[in-house]
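Colleague: Residue numbers (our numbering), protein chains in the order written: chain A, 270 to 667; chain B, 270 to 667.
Beta carbons: idealized from backbone N, C-alpha and C, even for Gly.
These numbers come from a predicted model, not from an experiment.
One structure follows; several queries about it will come next.
2 protein chains.
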Amino acid sequence: MTSLAGATQDEVRRANLSTVLRLLHQDGPQTRSHITAVTGLNRSTVGDLVSALAVLGLVRERSGDIRGVGRPSLVVEPVPGSAVVLALDLRVERTVAALVGLGGQVFARAERQHHDGDQSTLIAEVTQVSHEVLAEIPPGASWVGTGVGVPGVVRTRDGLVRFAPNLGWTDVPLGDLLRASVGGGSGDVLIRNDADLGVLAEHMRGSARDSSTVLYLGGDVGVGGGLFVDGRPLVGAGGYGGEVGHMRVRPDGHTCRCGARGCWETEIGLAGLLRAAGREHVRDISVTDLVTAAREGDAAARAAFESVGDWLGIGLVNLVNLLNPQSIVLGGHLSAIYAMAPDRVASQLQTALPAARELVEVCSSHLGGDATLVGAAEVAFTTVLDDPVGALNSSVAS
Amino acid sequence: MTSLAGATQDEVRRANLSTVLRLLHQDGPQTRSHITAVTGLNRSTVGDLVSALAVLGLVRERSGDIRGVGRPSLVVEPVPGSAVVLALDLRVERTVAALVGLGGQVFARAERQHHDGDQSTLIAEVTQVSHEVLAEIPPGASWVGTGVGVPGVVRTRDGLVRFAPNLGWTDVPLGDLLRASVGGGSGDVLIRNDADLGVLAEHMRGSARDSSTVLYLGGDVGVGGGLFVDGRPLVGAGGYGGEVGHMRVRPDGHTCRCGARGCWETEIGLAGLLRAAGREHVRDISVTDLVTAAREGDAAARAAFESVGDWLGIGLVNLVNLLNPQSIVLGGHLSAIYAMAPDRVASQLQTALPAARELVEVCSSHLGGDATLVGAAEVAFTTVLDDPVGALNSSVAS
Numbered sequence: 270m271t272s273l274a275g276a277t278q279d280e281v282r283r284a285n286l287s288t289v290l291r292l293l294h295q296d297g298p299q300t301r302s303h304i305t306a307v308t309g310l311n312r313s314t315v316g317d318l319v320s321a322l323a324v325l326g327l328v329r330e331r332s333g334d335i336r337g338v339g340r341p342s343l344v345v346e347p348v349p350g351s352a353v354v355l356a357l358d359l360r361v362e363r364t365v366a367a368l369v370g371l372g373g374q375v376f377a378r379a380e381r382q383h384h385d386g387d388q389s390t391l392i393a394e395v396t397q398v399s400h401e402v403l404a405e406i407p408p409g410a411s412w413v414g415t416g417v418g419v420p421g422v423v424r425t426r427d428g429l430v431r432f433a434p435n436l437g438w439t440d441v442p443l444g445d446l447l448r449a450s451v452g453g454g455s456g457d458v459l460i461r462n463d464a465d466l467g468v469l470a471e472h473m474r475g476s477a478r479d480s481s482t483v484l485y486l487g488g489d490v491g492v493g494g495g496l497f498v499d500g501r502p503l504v505g506a507g508g509y510g511g512e513v514g515h516m517r518v519r520p521d522g523h524t525c526r527c528g529a530r531g532c533w534e535t536e537i538g539l540a541g542l543l544r545a546a547g548r549e550h551v552r553d554i555s556v557t558d559l560v561t562a563a564r565e566g567d568a569a570a571r572a573a574f575e576s577v578g579d580w581l582g583i584g585l586v587n588l589v590n591l592l593n594p595q596s597i598v599l600g601g602h603l604s605a606i607y608a609m610a611p612d613r614v615a616s617q618l619q620t621a622l623p624a625a626r627e628l629v630e631v632c633s634s635h636l637g638g639d640a641t642l643v644g645a646a647e648v649a650f651t652t653v654l655d656d657p658v659g660a661l662n663s664s665v666a667s
Numbered sequence: 270m271t272s273l274a275g276a277t278q279d280e281v282r283r284a285n286l287s288t289v290l291r292l293l294h295q296d297g298p299q300t301r302s303h304i305t306a307v308t309g310l311n312r313s314t315v316g317d318l319v320s321a322l323a324v325l326g327l328v329r330e331r332s333g334d335i336r337g338v339g340r341p342s343l344v345v346e347p348v349p350g351s352a353v354v355l356a357l358d359l360r361v362e363r364t365v366a367a368l369v370g371l372g373g374q375v376f377a378r379a380e381r382q383h384h385d386g387d388q389s390t391l392i393a394e395v396t397q398v399s400h401e402v403l404a405e406i407p408p409g410a411s412w413v414g415t416g417v418g419v420p421g422v423v424r425t426r427d428g429l430v431r432f433a434p435n436l437g438w439t440d441v442p443l444g445d446l447l448r449a450s451v452g453g454g455s456g457d458v459l460i461r462n463d464a465d466l467g468v469l470a471e472h473m474r475g476s477a478r479d480s481s482t483v484l485y486l487g488g489d490v491g492v493g494g495g496l497f498v499d500g501r502p503l504v505g506a507g508g509y510g511g512e513v514g515h516m517r518v519r520p521d522g523h524t525c526r527c528g529a530r531g532c533w534e535t536e537i538g539l540a541g542l543l544r545a546a547g548r549e550h551v552r553d554i555s556v557t558d559l560v561t562a563a564r565e566g567d568a569a570a571r572a573a574f575e576s577v578g579d580w581l582g583i584g585l586v587n588l589v590n591l592l593n594p595q596s597i598v599l600g601g602h603l604s605a606i607y608a609m610a611p612d613r614v615a616s617q618l619q620t621a622l623p624a625a626r627e628l629v630e631v632c633s634s635h636l637g638g639d640a641t642l643v644g645a646a647e648v649a650f651t652t653v654l655d656d657p658v659g660a661l662n663s664s665v666a667s
């Protein structure tokens, strides 16, 4: 309601341009009449909006496939090389970078392992891999923003990483550091929690496109949660919501790196899984190694997946009862735990309240390891999608 | 964004009428210039909107207090006797009914204890207390809706109570039953979870008016949660979100009435508190009795408040980490636990992640036992506040 109060013609037009561009960016090429049907706008308004976006170079029209004998209809499509973003997935052991065009086309992609070193070494590595993909910006393209996913609690306003235990970071001004060393083109450098980007990606382009309430749970070393509730990201008072790994599900249990006892992460995080398998002291063992061992009949590995499967299910019950989601998407090693012990997870889920339990579907991420990277690109596109004219003008001016 | 797409003049006017009426309903009498400042609408638009609402009888203008020598300014105020709602707080042991006018004035209030009996006995008691307050509808007033709070999981679409363990209900069509026996005037009978109404009330008229993320935790017999996140109620896929009492915080603990083990409610619900005090077999003991005993030095009662205070804090940590609220408002017996063991609650809260912990304030409900009743009135006013012209016209037509 409030958003309509005092809306001017200009605001309405900006919102309509945004609606049309977002639709093309997300759903790809489509006819004007399809745009008319989906947006509820009338035909002449859609024609005018498409023309305005074409003048900016963001979309173009081409003849559609000729089916039957009728006149071929025009198809509107986003122009990938018109506006591009830099997407970064900064993980504990490596950083993945991609240069992504409007509509989702990937122009370049690179990875770089992190070496042991301090924070400035890591920032130098992130900077280097960024410049590697930025060298591939197509001629004539506007670089409109940079999005970065990081495994930690982030103050989104300026990109201060408040707490990233697996990186050993407290209050690191990652936004400012990357603004200085990499930049955001004509836009900003936006730092976000990795799982928050994961849920955005799963909702926009992944397993949960039709769900208005989606939980994405990513397991890398720790366990992060991105919550998309009632059609939008759950943010909270300071933007710190979604720390599912730190639900205390076993208050007399193990001490977590956050200092509390019995956080969910102590049971279902990588360390918890290895401990359950009696392999907490084995060096360089991966989840894949443990899956292989279990498949080959190793009793301790199998038992570990089953007992950790129970704990995965117990925490999911809490989230189902609290948030009543349609989809829970499991990424990283949580996806492996679910694959190895689906019955244990399902059996714990039976203890959720029936009304909420009946509506939820649990699945593994379709985007696999790329959910955070895809989400980083999407958040970087926000400015141009929200206000195409304003963003492109500031890009020309800069 | 989407809400603006294709907005017509009529829609904008309806939204503006709604904005102005909601402001007067919630904040009380104020000058036109104050309305202009708060809404961002221009003066002539505000004048026109106020006149339209005055023609409907919903607001009126009167001379304000004369301060100094200037011309007294006109004050716009809601007319309490123009539109009224029936509000019901259906609890385990009794029902409270109120007849509430626009702006929040209470015209009548009545309570009725429930006797042992089946569901139809209880519905008859609720019907009787409703008719008692409906007899007090002022002449000329339109009865525009009925709101009902109930301690259970509710399908809001039609008011089916899916699960209310403390009433012994499963799939009771409370909405249909009360539509037949009581009605909603020109509006509907809206059934809601009691804590969902509690958080609405605390956000609109209580302890958390300025918070965009508020958790209301009500303790009657069980423990219910109403979550208001990022400026609006958390709903979830089926409207069943917010069942905080069924977070499993001690999976090897006591069996809950929902069937699961170790739900938060088993530790901090009334039964858990009495068990901790060694009084689970004492008949008709109340929380007030236990508070009195503890204040008079009863060691078991004191220890019970302290250990249950720990459990209260542990569950709050989960909610703080997940939802990053500004305010947590405790109602019912949870408020008593907090009052008796504030240090234990605070000490557990220290284990929440610092970024989220720093922002949260825990307090007791200012509305006391009336939070659900106030929320029930507010939800019943929704139709007239969303579309004053449409709602009043349908009231005249019916």
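Leaving out five residues before and five after residue 653 of chain B in sequence, what residues of the same chain have Cβ atoms less than 6 Å from its Cβ?
Modeller: So the list reads 352, 413, 660, once near-sequence residues are dropped.
Colleague: Do residue 483 of chain A and residue 595 of chain A have their C-beta atoms within less than 8 Å of each other?
Modeller: A contact, by the Cβ cut-off of 8 Å.
Colleague: Residues of the stretch 583-595 of chain B with a CB closer than 7 Å to any CB of chain A: list them in chain order, please.
Modeller: For the stretch 583-595 of chain B, which is checked against every Cβ of chain A, the residues closer than 7 Å are 583, 586, 587, 590, 591, 592, 593, 594, 595.
Colleague: Can you pull the chain A residues whose beta carbon is under 7 Å from the beta carbon of residue 504 of chain B, in chain order?
Modeller: Those within 7 Å of residue 504 of chain B in chain A are 499.
Colleague: Please indicate yes or no: does the CB of residue 467 of chain A lie closer than 7 Å to some heavy atom of the ligand SAH?
Modeller: In the structure shown, the ligand SAH is absent, as is every other ligand, since no ligand is present at all.
Colleague: Between residue 373 of chain A and residue 555 of chain A, what straight-line distance do the alpha-carbon atoms span, to the nearest angstrom?
Modeller: Those two C-alpha atoms are separated by around 31 Å.
Colleague: Does any residue of chain B have a CB that is nearer than 8 Å to the CB of residue 294 of chain A?
Modeller: Output row for residue 294 of chain A: interface = no.
Colleague: Would you call residue 641 of chain B buried or exposed, if buried means 16 or more other Cβ atoms sit within 10 Å of its Cβ?
Modeller: Flag for residue 641 of chain B reads buried.
Colleague: Using C-beta distances below 8 Å, list every residue in its chain close to residue 361 of chain B, excluding the 5 sequence neighbours before and after it, in chain order.
Modeller: Excluding residues within five positions, the ones whose Cβ falls inside 8 Å are 383, 420, 435, 436, 489, 490.
Colleague: Short check: CB of residue 345 of chain B to CB of residue 293 of chain B, under 8 Å?
Modeller: In contact: residue 345 of chain B and residue 293 of chain B (Cβ atoms closer than 8 Å).
Colleague: Closest Cβ-Cβ distance between residue 549 of chain B and chain A: below 8 Å?
Modeller: Judged by the 8 Å Cβ criterion, residue 549 of chain B is not in contact with chain A.
Colleague: Mind checking whether residue 577 of chain B and residue 597 of chain B have CB atoms under 8 Å apart?
Modeller: No.
Colleague: Could you check the C-alpha separation between residue 574 of chain B and residue 542 of chain B for me, to the nearest Å?
Modeller: Approximately 7 Å between the Cα atoms of the pair.
Colleague: Nearest-angstrom Cα distance between residue 369 of chain B and residue 497 of chain B?
Modeller: Going by the C-alpha atoms only, they are around 23 Å apart.
Colleague: Using 10 angstroms around the beta-carbon of residue 474 of chain A, count the other beta-carbons present and answer buried if the total reaches 16, otherwise exposed.
Modeller: Result: buried.
Colleague: So within the stretch 456-489 of chain A, which uninterrupted beta strand (DSSP E) runs reach at least 3 residues, ignoring any that extend past its ends?
Modeller: 458-462, 483-488, all fully within the stretch 456-489 of chain A.
Colleague: What are the partner residues of residue 502 of chain A, as DSSP defines its beta bridges?
Modeller: Note: residue 502 of chain A sits in a beta bridge opposite A:497.
Colleague: Within the stretch 564-597 of chain A, note down every full alpha helix (DSSP H) run reaching 4 residues or more, in order along the chain.
Modeller: Taking only runs of at least 4 residues, the alpha helix (DSSP H) segments lying wholly in the stretch 564-597 of chain A are 568-592.
Colleague: Just checking: is the beta-carbon of residue 511 of chain A within a distance shorter than 8 Å of some beta-carbon in chain B?
Modeller: Yes, residue 511 of chain A lies at the interface with chain B (some Cβ there is under 8 Å from its Cβ).
Colleague: First and last residue of the alpha helix (DSSP H) that includes residue 623 of chain A?
Modeller: Start and end: 623-626.
Colleague: Is residue 620 of chain A helix, strand or coil when you go by DSSP?
Modeller: Residue 620 of chain A: coil per DSSP, three-state reduction.
Colleague: By the 7 Å beta-carbon criterion, what residues does the stretch 403-433 of chain A contribute toward chain B?
Modeller: Listed by position along the chain: 422, 431, 432.
Colleague: Classify residue 551 of chain A as buried or exposed, calling it buried when 16 or more other Cβ atoms lie within 10 Å of its own Cβ.
Modeller: Exposed, by the Cβ-count rule.
Colleague: I want to verify the contact list: residues of chain A whose CB lies under 7 Å from the CB of residue 516 of chain B, in sequence order.
Modeller: Those are 587, 590, 591, listed as they occur along chain A.
Colleague: The beta strand (DSSP E) that contains residue 382 of chain B, what's its start and end?
Modeller: That run of the beta strand (DSSP E) goes 375-382.
Colleague: Among B:468, B:418, B:547, B:584, whose alpha-carbon lies nearest the alpha-carbon of residue 458 of chain B?
Modeller: Checking every option, the nearest Cα to that of residue 458 of chain B belongs to B:418.
Colleague: Residues of chain B with a CB under 7 Å from the CB of residue 482 of chain A: which are they?
Modeller: By Cβ distance, chain B contributes 505, 506.
Colleague: Scan the stretch 618-629 of chain B for residues whose Cβ lies nearer than 7 Å to a Cβ of chain A and list them as they occur along the chain.
Modeller: Going along the stretch 618-629 of chain B in chain order, one finds 620, 622, 623, 624, 625, 628 with a Cβ nearer than 7 Å to chain A.
Colleague: Report the CB separation of residue 327 of chain A from residue 355 of chain A in whole angstroms; it is logged as a contact under 8 Å.
Modeller: 18 Å between Cβ atoms; not a contact.
Colleague: Name, please, each residue of chain A whose Cβ falls closer than 7 Å to the Cβ of residue 528 of chain B.
Modeller: Correct list: 620.
Colleague: I need the straight-line Cα distance from residue 335 of chain B to residue 301 of chain B, nearest angstrom please.
Modeller: The predicted model places residue 335 of chain B with a pLDDT of 48, which falls under 50 and marks its position as unreliable; any figure quoted below should be read in that light. When rounded, the distance between both Cα atoms is 16 Å.
Colleague: Answer with buried or exposed for residue 277 of chain A, where buried requires no fewer than 16 other C-beta atoms within 10 angstroms of its C-beta.
Modeller: Burial call: exposed.
Colleague: Name the chain B residues whose beta carbon is nearer than 8 Å to that of residue 520 of chain A?
Modeller: Under the 8 Å cutoff, chain B gives 518, 519, 583.
Colleague: Taking the DSSP output, what are the residues bridged to residue 633 of chain B?
Modeller: Residue 633 of chain B pairs with B:599.
Colleague: Apply the 10 Å Cβ neighbour rule to residue 592 of chain A and answer buried if 16 or more other Cβ atoms are within range, or exposed otherwise.
Modeller: It counts as buried.
Colleague: Checking the sheet assignment: what are the DSSP bridge partners for residue 655 of chain B?
Modeller: Per DSSP, none; premise fails for residue 655 of chain B.
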